[in-house]
Amino acid sequence: ELSDGLIALLTGKKDNIEHLWRDVGTMTRDREGVFLHLADQLRKNGEKEKRTDVLLFLHRRLPSDKHIYQELVPLLKEEGRMDELNAP
65 ELSDGLIALL
75 TGKKDNIEHL
85 WRDVGTMTRD
95 REGVFLHLAD
105 QLRKNGEKEK
115 RTDVLLFLHR
125 RLPSDKHIYQ
135 ELVPLLKEEG
145 RMDELNAP
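Using the working numbering, the first residue of the sequence shown is number 65, and each one after it goes up by one.
This is how it looks when you write it as structure tokens:
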């Protein structure tokens, strides 16, 4: 499944998300939709840290999206990463 392939690409360095964002952008205009689907798949797989990373990445690109923010904040709190919310 496509989601599994994208999840595999997230393993490793944090900048893999940035590379994946660019690559997905060459395939579709709905990068946000792809990344939201990816975050949902990570939730189903129980991969909280990767899910948090994806949602944080999306939040930085779409800071006014309340849905992403509401999903992200509890994860950051749980992982002790609230300082990352306002970091560049």
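Backbone N, C-alpha and C define an ideal beta-carbon position, used for all residues, glycine too.
Note that the structure is predicted; figures quoted are calculated from it, not measured.
Check                                                                                      : Outcome
C-alpha gap between residue 92 and residue 112, whole angstroms                            : 26 Å
DSSP three-state assignment for residue 143, whether helix, strand or coil                 : coil
Distance, residue 115 Cα to residue 102 Cα                                                 : 8 Å
Supposed close pair residue 122, residue 99 - CB separation, criterion 8 Å                 : 5 Å
Buried or exposed (CB count within 10 angstroms, at least 16 for buried), residue 134      : exposed
Exposure of residue 117, with buried meaning 16 or more beta-carbon neighbours within 10 Å : buried
Residue from 124, 128, 151, 152 whose Cα sits closest to the Cα of residue 85              : 124
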